[in-house]
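Colleague: Those protein sequence lines, which keep their order, are chains A and B. In terms of the UniProt record's numbering, the first sequence is residues 1 to 213. In terms of the UniProt record's numbering, the second sequence is residues 1 to 462. Each residue gets a CB set at the ideal place from its N, CA and C atoms; glycine is no exception. All figures in this text were calculated on a predicted structure; none of them were measured in a lab. Right, I'll just put the structure down here and ask away after.
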Amino acid sequence: MEAIWLYQFRLIVIGDSTVGKSCLIRRFTEGRFAQVSDPTVGVDFFSRLVEIEPGKRIKLQIWDTAGQERFRSITRAYYRNSVGGLLLFDITNRRSFQNVHDWLEEARSHVQPHSIVFLLVGHKCDLEAQRQVSRQEAEKLAGAYGMRYVETSARDAINVEHAFTELTRDIFALVRSGDITIQEGWEGVKSGFVPNVVHSSEEVTKSDRRCLC
Amino acid sequence: MAAPSLLLYSDRSLFTRRVKDSRSVEQRDPGWKLFGKVPPREGTHKDPKKIQTEYETKAGRAGPGNPTSPRQSVRKNLDFEPLSTTALILEDRPANLPAKPAEEAQKHRQQYEEMVAQAKKRELKDAQKRKKQLEDRCKLEESIGTAAQTWNQEILPNWSTMCTSRRVRDLWWQGIPPSVRGKVWSLAVGNELNITHELYNICLARAKEKWNTTAAPATEAETEDVDSSDRESSLELIKLDISRTFPQLCIFQKGGPYHDVLHSILGAYTCYRPDVGYVQGMSFIAAVLILNLDTADAFIAFANLLNKPCQMAFFRVDHSLMLTYFAAFEVFFEENLPKLFAHFKKNNLTPDIYLIDWIFTLYSKSLPLDLACRVWDVFCRDSEEFLFRTALGLLRLYQDVLTCMDFIHMAQFLTRLPDLIPAEQLFQHIAAIHMTSRNRKWSQVLQALQKDQERGSPVLKR
Numbered sequence: 001m002e003a004i005w006l007y008q009f010r011l012i013v014i015g016d017s018t019v020g021k022s023c024l025i026r027r028f029t030e031g032r033f034a035q036v037s038d039p040t041v042g043v044d045f046f047s048r049l050v051e052i053e054p055g056k057r058i059k060l061q062i063w064d065t066a067g068q069e070r071f072r073s074i075t076r077a078y079y080r081n082s083v084g085g086l087l088l089f090d091i092t093n094r095r096s097f098q099n100v101h102d103w104l105e106e107a108r109s110h111v112q113p114h115s116i117v118f119l120l121v122g123h124k125c126d127l128e129a130q131r132q133v134s135r136q137e138a139e140k141l142a143g144a145y146g147m148r149y150v151e152t153s154a155r156d157a158i159n160v161e162h163a164f165t166e167l168t169r170d171i172f173a174l175v176r177s178g179d180i181t182i183q184e185g186w187e188g189v190k191s192g193f194v195p196n197v198v199h200s201s202e203e204v205t206k207s208d209r210r211c212l213c
Numbered sequence: 001m002a003a004p005s006l007l008l009y010s011d012r013s014l015f016t017r018r019v020k021d022s023r024s025v026e027q028r029d030p031g032w033k034l035f036g037k038v039p040p041r042e043g044t045h046k047d048p049k050k051i052q053t054e055y056e057t058k059a060g061r062a063g064p065g066n067p068t069s070p071r072q073s074v075r076k077n078l079d080f081e082p083l084s085t086t087a088l089i090l091e092d093r094p095a096n097l098p099a100k101p102a103e104e105a106q107k108h109r110q111q112y113e114e115m116v117a118q119a120k121k122r123e124l125k126d127a128q129k130r131k132k133q134l135e136d137r138c139k140l141e142e143s144i145g146t147a148a149q150t151w152n153q154e155i156l157p158n159w160s161t162m163c164t165s166r167r168v169r170d171l172w173w174q175g176i177p178p179s180v181r182g183k184v185w186s187l188a189v190g191n192e193l194n195i196t197h198e199l200y201n202i203c204l205a206r207a208k209e210k211w212n213t214t215a216a217p218a219t220e221a222e223t224e225d226v227d228s229s230d231r232e233s234s235l236e237l238i239k240l241d242i243s244r245t246f247p248q249l250c251i252f253q254k255g256g257p258y259h260d261v262l263h264s265i266l267g268a269y270t271c272y273r274p275d276v277g278y279v280q281g282m283s284f285i286a287a288v289l290i291l292n293l294d295t296a297d298a299f300i301a302f303a304n305l306l307n308k309p310c311q312m313a314f315f316r317v318d319h320s321l322m323l324t325y326f327a328a329f330e331v332f333f334e335e336n337l338p339k340l341f342a343h344f345k346k347n348n349l350t351p352d353i354y355l356i357d358w359i360f361t362l363y364s365k366s367l368p369l370d371l372a373c374r375v376w377d378v379f380c381r382d383s384e385e386f387l388f389r390t391a392l393g394l395l396r397l398y399q400d401v402l403t404c405m406d407f408i409h410m411a412q413f414l415t416r417l418p419d420l421i422p423a424e425q426l427f428q429h430i431a432a433i434h435m436t437s438r439n440r441k442w443s444q445v446l447q448a449l450q451k452d453q454e455r456g457s458p459v460l461k462r
């Protein structure tokens, strides 16, 4: 039996090749760190339930995309049906940070008429000694694009939960406020199997919960 | 047959030792009481084995030549001993309880015999099963041996006349023996591009030159070239991907025996076809070839394989052509597996989601390596059509489980196939896929779709 969830969010994870997209997702969904993982060809799929408030579960459907430039024409087709995205760069690889802008442009131009809530993730933060991108400049860039910024490490399990739940909470807030709505033929947000009781309490708490998220 | 009986014997000796041990413990122990009132009595802890032998002597079951050692004769004749507690049913009740009526004792004897008979039957069945497994394995090894001989002595020397014969086609379908696999692949793929070993060496030398220059910091002049940064990053990517190619085999990683070979082939290819360059997925194809061919021959097969229309379309990410391939696939999907096709449609599961990985890596990443090689066997002969037929075979094999799944479970299942896939069953399912649709073959369907791209699958459309 499928666990009961309020909503299903489809998230897409993008960023240059070898910044650690698959490892981050595996840490989040499987709780382990793989020393080596296959290069992703096309797209891989993961899912996990996240409890954002006691009894309120969101099912995350995570699309892990191939990072190589050549695959962009394939992966860009997957933006449209995603409600959220983690945009990763490797803090030890300056070029992957410089490409953040391109990734955002790419996403923005292919997500129409919808929009994606992005979170900027500086990955591999356990490798502090090899850092090539400072936290300040990453935060500045994130701010310029209206994104949050989180530094994570799949190896040391730093901020992995935090990154995904923060993004989920942000999206949840937008769904509640009505900025994001469930639409026929759009896979970004789907309503889950919810008993009627929960639905009605949803309505009651709707107004006063907004700004807390 | 030697192994199973040996196994039985060791089981037995273990068993007797355990019984002995427990008895010695019992002797030291003054005995436990069930309710504290009943004193421990002689015979309460009677060894079930003893009861059994007693019974067998009484019943006259002991071997005729050796009445004093019934256990030994049991070992010889029955090849089986009942479980330790089985014989307890024969024992008389403790003295403080009413005695067993003769009728009941008779019943118990009967039950005991039935139990023993059943257990014997089961044991015999297991032994037969083990024997059959061993025979099958021997047969398989023998058939691989004879097949290798047939390929080496009969087929390969007369390749051009024999390769299309019915018999060779049948043998081919059963899987090419690993010892001749590389040779057969080379012959089947051919060398349309006329690549020589010299050309490979030239390409490799050029690649090495590039590695040396990019190792130094890039100059301003280089970055003016639009392609150079892409090419440079693709050289970088090759390095990173090599260590991620079949990591479990531990032969392509840095320091492994095939690390340099894989690096050389991929590097040489980027110099041979700079317009295609390195694309993720290629490292797996090259690795499978390296496992079956010498370096230069592996390169020749690699370049020729990638030159096939389907592979070119995918590795150059020619979108409209890829869409056409997916659309053609869907025609045969609907034709062969209408129920599953409808289920996929209902769940918005489009073929790009699973086909991209399968086609890009020619199943080498998604199927167990030995099974992938069997797919390659037929793919080298039947070309792209077989890749899509294999996909349909896989869907057919797992049709029942897939129809019970929702989108995400199907997507996960198909992008991470089970570790154990029954090879024979898969090939039976592939064989059951008809690659004709309304009297049109794969190539005709594809051509018709190519002419009318408007009818292409809506997948990936922006």
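#1: State the Cα-Cα distance for the pair Asp64/A and Glu209/B, rounded to the nearest angstrom.
#2: Compare the C-alpha of Phe45/A against each of His429/B, Phe413/B and Pro257/B and name the closest.
#3: Restricting to Cα atoms, I'd like to know which of Thr40/A, Thr152/A and Arg32/A is closest to Thr75/A.
#4: What does the alpha-carbon distance come out to for the pair Leu24/A and Ile12/A?
#5: Tell me whether Arg206/B sits in a helix, a strand or coil according to DSSP, three-state version.
#6: Please tell me whether Leu237/B has its Cβ less than 9 Å away from any Cβ of chain C.
#7: Report, in whole angstroms, the separation of the C-beta atoms of Val375/B and Thr361/B, which I expect to be a contact under 8 Å.
#8: Based on DSSP bridge pairs, tell me the residues matched to Glu53/A.
#9: According to DSSP, is Phe9/A part of a helix, a strand, or is it coil?
#10: Check the Cβ-Cβ distances between Asp38/A and every residue of chain B, and say whether any is below 9 Å.
#11: Which residues mark the beginning and the end of the beta strand (DSSP E) in which Gly84/A is found?
#12: Helix or strand or just coil, what does DSSP make of Phe46/A?
#13: Could you check where the beta strand (DSSP E) with Phe118/A kicks off and where it finishes?
#14: When you check each C-beta in the stretch 307-334 of chain B against every C-beta of chain A, which residues fall closer than 7 Å?
#15: Return the residue from the list Ile430/B, Ser234/B and Arg109/B that minimises the CA-CA distance to Trp173/B.
#16: Name, in chain order, the residues that DSSP records as bridge partners for Ile158/A.
#17: Around the C-beta of Ser191/A, are 16 or more other C-beta atoms found within 10 angstroms, so that it is buried, or is it exposed?
#18: Leaving out the 5 sequence neighbours to the left and right, which residues in its chain are closer than 7 Å to Gln149/B when beta-carbon positions are compared?
#19: At 8 Å on the CB atoms, spell out the chain B contacts of Thr18/A, in chain order.
#20: Can you find the residues in the same chain that come closer than 8 Å, C-beta to C-beta, to Ser165/B, ignoring five residues on each side of it along the sequence?
#21: Could you tell me which chain B residues have their CB closer than 7 Å to the CB of Gly55/A, listed as they occur along the chain?
#22: Kindly indicate the opening and closing residues of the alpha helix (DSSP H) around Val41/A.
#23: Residues of chain B with a CB under 7 Å from the CB of Ala66/A: which are they?
#24: Which residues in the same chain as Val175/A place their Cβ atom closer than 7 Å to its Cβ, once the five residues preceding and following it in sequence are excluded?
#25: Nearest to Ala303/B by CA position, among Leu323/B, Cys271/B and Phe333/B, is which residue?
#26: To the nearest angstrom, how far is the alpha carbon of Phe314/B from that of Ile300/B?
#27: Alpha carbon to alpha carbon, what distance is there between Val401/B and Ile4/A?
#28: Can you name the residues of chain A whose CB is closer than 8 Å to the CB of Lys365/B?
#29: So, helix, strand or coil for Gln61/A, using DSSP?
#30: Determine the extent of the alpha helix (DSSP H) in which Val189/A is found, giving its start and end residues.
#31: For a contact defined as C-beta to C-beta under 7 Å, what are the partners of Arg70/A on chain B?
#32: For Ile265/B, count the other beta carbons within 10 Å of its own beta carbon; 16 or more makes it buried, fewer makes it exposed. Which is it?
#33: If contact means a Cβ-Cβ distance below 8 Å, which residues of the stretch 160-194 of chain A contact chain B?
#34: When we look at the beta-carbon of Leu120/A and count the other beta-carbons within 10 Å, is it buried (16 or more) or exposed?
#35: Would you say the beta carbon of Tyr258/B comes nearer than 8 Å to a heavy atom of the ligand GDP?
Modeller: Based on what the coordinates show:
#1: 35 Å
#2: Phe413/B
#3: Thr40/A
#4: So the two alpha carbons sit approximately 13 Å from each other.
#5: Arg206/B falls in the helix class under three-state DSSP.
#6: Chain labels in this structure do not include chain C; the protein chains are A and B.
#7: Rounded, the Cβ-Cβ distance is 11 Å, inconsistent with contact.
#8: Lys56/A
#9: strand
#10: yes
#11: Taken as a continuous stretch (DSSP letters only), the beta strand (DSSP E) holding Gly84/A covers Gly84 to Asp90.
#12: strand
#13: Residues Val117 to His123.
#14: Val317 and His319
#15: Ile430/B
#16: Among the bridge pairs identified by DSSP, Ile158/A is matched with Ser153/A.
#17: exposed
#18: none
#19: Leu237 and Leu240
#20: Excluding sequence neighbours, Ser165/B sits near nothing in its chain.
#21: In chain order: nothing, as chain B lies at least about 22 Å away.
#22: Element bounds for Val41/A: n/a, residue is neither H nor E.
#23: Going along chain B in sequence order, the residues near Ala66/A (Cβ under 7 Å) are Gln280.
#24: Tyr7 and Val189
#25: Cys271/B
#26: 19 Å
#27: 22 Å
#28: Residues of chain A passing the Cβ test: Asp38 and Val41.
#29: strand
#30: Here Val189/A belongs to no alpha helix (DSSP H); instead the beta strand (DSSP E) covers Val189 to Ser191.
#31: Val279 and Val317
#32: buried
#33: Glu187
#34: buried
#35: Ligands displayed in this structure: none; no statement on the ligand GDP is therefore possible.
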